[in-house]
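A.B. asks:
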Amino acid sequence: MEVNQKLIRTNWSTGRDILDRQSEQGWGNKVIDRLSCDFRERYPDAKGYSPRNLKYMRCFAEAWPSAAMVQQAVAPLPMGHELVLLEKLNEEPTRIWYAETVLAEGWSRNQLACQIETRLHERSRQATSNFNTVLPSSTSAIVQDVTKDPYVFDFLELAESNNEREIEGQLLQHVERFLLKLGRGFAFVARQLRLDMAGDEFFPDLVFYGFVLLRFVMVELKVEKFELDHLGQLGIYMSFVDDLLDQPGDESTIGLLLSKTKNSVVAEYALRGFSSPIGVTEWAAEITDSLPEDVSRSLQSIDELEAELAGTDNVKGDGST
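Each position in the sequence shown, counted from 1, maps to that position plus 211 in my numbering.
Rendered as structure tokens:
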């Protein structure tokens with residue numbers, strides 16, 4: 212990782228130098244060709260300073276003008292991931308979004324390319340909820356920030372026959388990773404918590420506690436499409452947990468309904484009739500590694516460029532005395 216970060220910083224610094232020289236000397240003065248010759252004479256064993264690679268370095272520095280942003284968002288990424296970001300995305304905010312998401316989710320390079328190809332940044336959104344209308348504005352902002360749509364549980368191993376209990380079991384086997392999907396400040400409380408309501412027993416799927424929110428969070432998992440009666444079921448569980456588990460200082464329970472699919476318009480209208488804070492979101496079991504043929508071809512060229520750029524390592528780090 213340290214070698215990778217050093218290489219990325221070297222490439223950015225070289226690209227920044229090219230941009231500065233082209234700004235001073237003009238674009239028609241073959242700055243890149245002259246620099247390539249200079250580097251090859253000075254470092255005859257280095258393989259990473261061809262005109263093609265130097266053009267990449269210039270594009271890299273142009274795409275990430277801030278050295279601080281390179282250090283924060285790009286340097287922790289493998290070189291192959293950084294090349295995918297540079298080749299496929301034109302806008303810096305979008306590149307930053309994907310860079311941060313790669314670090315949070317641990318995507319492979321193929322997964323990153325697939326998510327860019329399917330425009331995940333446009334599909335990712337907050338849960339359909341009534342948080343804005345039933346929670347104080349400060350709390351609503353926090354809750355909206357930690358809810359996602361969809362949740363991607365790429366650690367699940369599913370078959371066609373899996374039911375909700377089996378999926379819950381896998382979530383609990385990876386409870387730490389599931390909590391990371393929820394965000395920071397959550398602790399696991401119970402699975403299938405037994406609720407005895409005047410002799411009738413109910414077993415909500417998962418219960419967590421949010422230490423920042425000072426609330427219990429109930430999660431109901433559905434392997435089918437969102438249905439209206441799911442909200443009624445979750446609402447009853449939430450009311451009972453408020454009476455059963457709340458301690459002095461706790462706020463009302465928040466519900467999170469994870470459905471395999473949902474009609475967002477139906478969910479939005481349904482939530483208007485609820486005074487309890489509930490979010491409805493979708494979940495997916497995996498991120499695909501399979502790539503369209505044209506994307507696969509572009510990654511092959513990225514492989515070649517990555518191998519060439521690796522030849523720049525140990526060059527600018529020699530002290531240049």
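Glycine included, each C-beta is placed from N, C-alpha and C at the ideal position. Everything numeric in this text was worked out from a predicted model, so none of it was measured.
By the DSSP assignment, the alpha helix (DSSP H) with E431 in it spans what residues?
C.D. replies: Taking the first residue of the sequence shown as position 1, residue 431 is located at position 220. Run containing E431: none in the alpha helix (DSSP H); it sits in the beta strand (DSSP E), 426-432.
A.B. asks: Considering only residues of the same chain and omitting the five flanking positions on each side of F413, which have a CB-CB separation below 6 Å?
C.D. replies: Your numbering for residue 413 matches position 202 in the sequence shown. Counting only Cβ-Cβ distances below 6 Å, and skipping sequence neighbours, we find L406.
A.B. asks: Does the distance from the CB of F364 to the CB of S351 come in under 8 Å?
C.D. replies: One-based indexing of the sequence shown puts residue 364 at position 153. One-based indexing of the sequence shown puts residue 351 at position 140. Taking a C-beta distance under 8 Å as the contact criterion, F364 and S351 do not qualify as a contact pair.
A.B. asks: Thinking C-alpha only, which one of L439, A398, T225 is nearest Y420?
C.D. replies: On the sequence shown, residue 420 is found 209 positions in, with the first residue counted as 1. Checked all of L439, A398, T225; the closest Cα to Y420 is A398.
A.B. asks: Decide if S234 is buried, meaning its Cβ has at least 16 other Cβ atoms within 10 Å, or exposed.
C.D. replies: Here residue 234 is taken as the residue at index 23 of the sequence shown, counted from 1. The residue in question, S234, is exposed, as its Cβ has fewer than 16 Cβ neighbours within 10 Å.
A.B. asks: Are the region 462-475 and the region 437-444 touching, with three or more C-beta to C-beta distances below 8 Å?
C.D. replies: yes
A.B. asks: When you compare only the Cα positions, how much space is there between H332 and Y309?
C.D. replies: Locating residue 332 in the sequence shown gives position 121, counting from the first residue. Locating residue 309 in the sequence shown gives position 98, counting from the first residue. H332 and Y309: Cα-Cα distance of roughly 8 Å.
A.B. asks: By the three-class DSSP mapping on this structure, what secondary structure does D249 have?
C.D. replies: One-based indexing of the sequence shown puts residue 249 at position 38. D249 falls in the helix class under three-state DSSP.
A.B. asks: For P355, which residues in the same chain have their Cβ closer than 6 Å to its Cβ, ignoring the five residues on either side in sequence?
C.D. replies: One-based indexing of the sequence shown puts residue 355 at position 144. For the sequence presented, residue 355 should be read as Gln rather than Pro. Excluding positions up to five away in sequence, the list reads Q337, F342.
A.B. asks: Helix, strand or coil: which one does DSSP assign to D244?
C.D. replies: For the purposes of this step, residue 244 is taken as residue 33 along the sequence shown, with counting starting at 1. D244: helix per DSSP, three-state reduction.
A.B. asks: Could you round the C-beta distance between M280 and L218 to whole angstroms and report it? I think they count as a contact, below 8 Å.
C.D. replies: One-based indexing of the sequence shown puts residue 280 at position 69. One-based indexing of the sequence shown puts residue 218 at position 7. Their Cβ separation, rounded to whole angstroms, is 17 Å, which puts M280 and L218 out of contact at 8 Å.
A.B. asks: Rounded to whole angstroms, how far is the Cβ of F437 from the Cβ of V476, which I believe are closer than 8 Å?
C.D. replies: The residue given as residue 437 occupies position 226 in the sequence shown. The residue given as residue 476 occupies position 265 in the sequence shown. Rounded, the Cβ-Cβ distance is 11 Å, inconsistent with contact.
A.B. asks: Measuring straight from C-alpha to C-alpha, what distance separates P488 and G466?
C.D. replies: Here residue 488 refers to the residue found at position 277 of the sequence shown. Here residue 466 refers to the residue found at position 255 of the sequence shown. Computed Cα separation, rounded: 6 Å.
A.B. asks: Just mark F422 as buried or exposed, buried being the case when its beta carbon has 16 or more other beta carbons within 10 Å.
C.D. replies: Residue 422 sits at position 211 when you count from the first residue of the sequence shown. When all chains shown are included, F422 counts as exposed.
A.B. asks: At what residues does the alpha helix (DSSP H) containing Y254 begin and finish?
C.D. replies: To locate residue 254, count along the sequence shown from 1; it is residue 43. That residue, Y254, is in no alpha helix (DSSP H); it is neither H nor E in DSSP.
A.B. asks: Exposed or buried, which one is P255 when buried takes at least 16 other CB atoms within 10 Å?
C.D. replies: Walking along the sequence shown from the start, residue 255 turns up at place 44. Note on P255: under 16 other CB atoms within 10 angstroms of its CB, so exposed under the neighbour-count rule.
A.B. asks: Who does F397 pair with in a DSSP beta bridge?
C.D. replies: Counting from one through the sequence shown, the residue named residue 397 turns up at place 186. In the DSSP output, where bridge partners are listed per residue, F397 has G421.
A.B. asks: So the beta strand (DSSP E) V491 belongs to, where does it begin and stop?
C.D. replies: Sequence index remark: in the sequence shown, residue 491 carries index 280 (1-based). V491 -> beta strand (DSSP E) spans 489-495.
A.B. asks: By DSSP, does I229 sit in helix, in strand, or in coil?
C.D. replies: The residue labelled residue 229 in the question sits at position 18 within the sequence shown. Of the three classes helix, strand and coil, the one that applies to I229 here is helix, per DSSP.
A.B. asks: For the beta strand (DSSP E) containing F413, list its first residue and its last residue.
C.D. replies: Position 202 of the sequence shown holds residue 413. Taken as a continuous stretch (DSSP letters only), the beta strand (DSSP E) holding F413 covers 411-413.
A.B. asks: Could you tell me which residues DSSP pairs with K436 in its beta bridges?
C.D. replies: Indexing the sequence shown from 1 puts residue 436 at position 225. According to DSSP, K436 bridges with T472.
A.B. asks: Excluding the five sequence neighbours on either side, which residues of its own chain have a C-beta within less than 8 Å of the C-beta of I307, listed in chain order?
C.D. replies: Position 96 of the sequence shown, counted from the first residue, corresponds to residue 307. If we look at I307 and ignore the five residues flanking it on each side, its Cβ neighbours are M280, A284.
A.B. asks: With respect to the beta strand (DSSP E) encompassing L406, which residues constitute its N-terminal and C-terminal limits?
C.D. replies: Stepping through the sequence shown from its first residue, residue 406 is reached at position 195. Here the beta strand (DSSP E) through L406 covers 406-408.
A.B. asks: Go to V354, then tell me how far its alpha helix (DSSP H) extends in each direction, as first and last residue.
C.D. replies: Indexing the sequence shown from 1 puts residue 354 at position 143. Segment 348-357, the alpha helix (DSSP H) holding V354.
A.B. asks: Put L300 into one of helix, strand or coil per three-state DSSP.
C.D. replies: Locating residue 300 in the sequence shown gives position 89, counting from the first residue. Three-state result, L300: coil.
A.B. asks: Please state whether DSSP places R376 in a helix, a strand or coil.
C.D. replies: Position 165 of the sequence shown, counting from 1, holds the residue named residue 376. Helix at R376.
A.B. asks: Quick check on R269: buried or exposed, where buried means 16 or more other Cβ atoms within 10 Å of its Cβ?
C.D. replies: The residue labelled residue 269 in the question sits at position 58 within the sequence shown. Burial of R269 is indicated by the presence of at least 16 other C-beta atoms within 10 angstroms of its C-beta.
A.B. asks: Can you name the residues that DSSP bridges to V363?
C.D. replies: On the sequence shown, residue 363 is found 152 positions in, with the first residue counted as 1. As a beta-bridge residue in DSSP terms, V363 pairs with A495.
A.B. asks: If you measure between the beta carbons of V452 and F485, is that distance less than 8 Å?
C.D. replies: The sequence position of residue 452 within the sequence shown is 241, counting from 1. The sequence position of residue 485 within the sequence shown is 274, counting from 1. No, Cβ-Cβ distance for V452 and F485 is not below 8 Å.
A.B. asks: Considering Cα atoms alone, identify which of R245, W275, E328, A272 is closest to P262.
C.D. replies: What you label residue 262 is simply residue 51 of the sequence shown in a count that begins at 1. When only C-alpha atoms are compared, the closest one is R245.
A.B. asks: Write down the C-beta distance between A478 and T339 rounded to the nearest angstrom, noting that I regard them as a contact closer than 8 Å.
C.D. replies: Looking up residue 478 in the sequence shown gives position 267. Looking up residue 339 in the sequence shown gives position 128. Contact holds; Cβ gap of about 4 Å.
A.B. asks: For C325, which option in V295, L314, V418 has the closest C-alpha, if you only look at C-alpha atoms?
C.D. replies: Along the sequence shown, read from residue 1 onward, the residue named residue 325 stands at position 114. Considering only alpha carbons, the answer is V295.
A.B. asks: Taking L300 as the reference, which of A286, Q403, W318, W275 has the closest Cα?
C.D. replies: The residue given as residue 300 occupies position 89 in the sequence shown. Of the listed residues, the one whose Cα sits closest to L300 is W275.
A.B. asks: Let me check understanding here. Comparing Cα to Cα, which of T464, K258, Q216, L265 lies closest to I229?
C.D. replies: Locating residue 229 in the sequence shown gives position 18, counting from the first residue. Proximity to I229 across T464, K258, Q216, L265 peaks at L265, based on C-alpha coordinates.
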